[in-house]
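Scroll down for the structure; my scribbles are underneath it.
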Amino acid sequence: PHPSSNLKDSASFPIGTAIRAHQLVKDSSIQAIVKKDFNSITLENGMKMYAVHHSENEYNWKHVDDVVHYAQQNNIRLHGHAFIWHSGTPRWINEMEPDSTALDKIMEDYILTYGKRYQGKVAGWDVVNEALLDSTGEFRKSIWYKTMGEGYIARAFELAHKADPGAVLFYNDFNIERDTVKLHSMLRMIEKLRAQNVPISGIGFQMHIRMDTDEKTIEYALKKAAETGLQIHLSEIDIIFNKHDDTPGGGIQIYDELTEEMLQAQADKYQWLAEAYIRNVPKQQRYGMTVWGFSDKHSWIPSFFDLNDWPCIYDENMNPKPAYYGFIKGL
Ligand code: XIL
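So for the sequence shown, UniProt numbering puts the first residue at 19; every next one is plus one.
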């Protein structure tokens, strides 16, 4: 129904991409694509805790300032990723071995300082990222959980709300679209938080899916999440051919080469994902769909999982793939 020749004008909700801070200042071919196709950006790594909070009394805002400036200049929404994440926690915190009072103080200073500094400039924040485990849906035994107990989650949301009352505040995780135990655990956690008036306003599905991730399970998850009435963000989309688990290096190469059939199947899958989002998430809850990098050249998947793969909508030469047109069709 939308004959537009770019992503963002084909959609009735924001279309985002992850981007690396240096690419925005240095790489003009990337900037051109960002401007053409996207109206939302997420810094792939540059807003993580370790990237801004190098030591106890030290903050480094350079990259965040740059991306905020870029977003404002170009009228692009900025999504904040992420306040509290086990993998984003800087080493100095672990080395300090803080007790619960000390860690709470670190969290308070960090979220209030950070959130207030960019108040009104970050549309939404991934406040807590990946707090739950696969299969069991139990809390991940991160330093935050082990030190502060499950209350660290409510505390993070309260601080984020205090810092920037206008921002949409997300719980963000992976595999909740395919792991129904994890999904239900998350939904129970969110219900509990809301019963305590914790200011959570969105659910982020990372959506690092594979070509063979069960479609019915994904639709079920989106539908259940949407029933909460919260904003729903597909926050880190890529569609992967090969198998991988969630540990670095955990890739299993099945497809060595990319064929025409694979490209077409991936196009259909991107189309399907957009349609599934639209089908299951009511209009006013569509925070948007964000791809985790738009080109196979810069995708995190091959290096992180030690695989050859082609999960993105642009190829290694920065040309749109069939997946790009499939995505547009689905919007
Ligand atoms: C990834 C980045 O893409 C990589 O560059 C980095 O080496 C590791 O982190 N879930 C998240 C993202 O929430 O922050 C991760 O990003 C991918 C998984």
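Idealized CB from N, CA, C, for every residue including glycine.
Under 8 Å between C-beta atoms of residue i and residue j
| i | j | result |
| --- | --- | --- |
| Ile250 | Gln303 | yes |
| Gly267 | Phe323 | yes |
| Trp328 | Leu248 | no |
| Glu237 | Leu177 | no |
| Ala39 | Val85 | yes |
| Tyr288 | Gly348 | yes |
| Ile319 | Ile270 | no |
| Leu25 | Asp55 | yes |
| Ile161 | Tyr332 | no |
| Gly220 | Phe31 | no |
| residue 383 | Phe192 | Within the shown structure, residues of the chain are numbered from 19 to 349, placing residue 383 beyond reach of any answer. |
| Gly133 | Asp83 | no |
| Asp197 | Ser153 | yes |
| Glu293 | Lys315 | no |
| Ala172 | Leu211 | yes |
| Ile346 | Ser28 | yes |
| Gly138 | Gly184 | yes |
| Met336 | Ser313 | yes |
| Asn326 | Asp274 | yes |
| Val299 | Leu240 | yes |
| Asn147 | Ile208 | no |
| Met229 | Gln282 | no |
Local conformation of residue i per DSSP, three classes
| i | result |
| --- | --- |
| Thr277 | coil |
| Asn112 | helix |
| Phe312 | coil |
| Glu76 | strand |
| Ala141 | coil |
| residue 382 | The requested residue 382 is not part of the displayed model; the chain covers only 19 to 349. |
| Gly155 | coil |
| Tyr68 | helix |
| Asp117 | coil |
| Gly184 | coil |
| Phe322 | helix |
| Phe101 | strand |
| Gly344 | helix |
| Asn147 | strand |
| Arg38 | coil |
| Gly306 | strand |
| Asp127 | helix |
| Tyr288 | helix |
| residue 17 | With the chain covering 19 to 349 only, the question about residue 17 has no answer from this structure. |
| Gly106 | helix |
| Ser58 | strand |
| Gly167 | coil |
| Gly268 | coil |
| Tyr88 | helix |
| Leu25 | coil |
| Tyr136 | coil |
| Leu349 | coil |
| Asp122 | helix |
| Pro19 | With a pLDDT of only 44 at Pro19, under the threshold of 50, the placement of this residue in the model should not be trusted; the figure read from the coordinates follows. Three-state result, Pro19: coil. |
| Ser83 | Per the sequence shown, the amino acid found at residue 83 is Asp instead of Ser. Asp83 falls in the helix class under three-state DSSP. |
Nearest candidate by alpha-carbon position, reference residue i, set the options
| i | options | result |
| --- | --- | --- |
| His97 | Gly133, Val140, Gln90 and Glu126 | Val140 |
| Glu74 | Val85, Ile124 and Glu62 | Ile124 |
| Ala149 | Met114, Ile111, His104 and Glu115 | His104 |
| Tyr88 | Leu42, Glu126, Thr131 and His99 | Leu42 |
| Gly311 | Ile208, Asp256 and Ile296 | Asp256 |
| Glu233 | Val145, Tyr295 and Met114 | Tyr295 |
| Ile129 | Val145, Met114 and Thr119 | Val145 |
| Thr60 | Lys80, Ala174 and Thr308 | Thr308 |
| Met204 | Ala341, Asp274, Val82 and Gly155 | Gly155 |
| Pro340 | Glu278, Val299 and Ala292 | Glu278 |
| Lys66 | Ala36, Gly184, Gly167 and Ser58 | Ala36 |
| Gln91 | Trp110, Asn57 and Thr246 | Asn57 |
| Tyr342 | Gly64, His202 and Asp286 | Asp286 |
| Pro108 | Gly64, Arg95, Leu151 and Gln137 | Gly64 |
| Gly34 | Ser22, Glu76, Ser47 and Ile94 | Ile94 |
| Ser321 | Ile272, Lys241, His262 and Gln282 | His262 |
| Ala100 | His81, Thr131 and Trp143 | Trp143 |
| Trp290 | Pro300, Gly344 and Leu240 | Gly344 |
| Thr235 | Ile194, Ser23, His72 and Glu168 | Ile194 |
| Trp110 | Asp122, His72 and Ser118 | His72 |
| Ala244 | Ser22, Thr165 and Arg297 | Arg297 |
Residue i: CB within 7 Å of a non-hydrogen atom of the ligand ADP
| i | result |
| --- | --- |
| Trp290 | The ligand ADP is absent from the structure shown, which contains only the ligand XIL. |
- request: Counting only runs of 4+ residues fully inside the region 187-253, write out the alpha helix (DSSP H) ranges in chain order.
  value: Fully enclosed alpha helix (DSSP H) runs of 4 or longer: 198-213 and 233-244.
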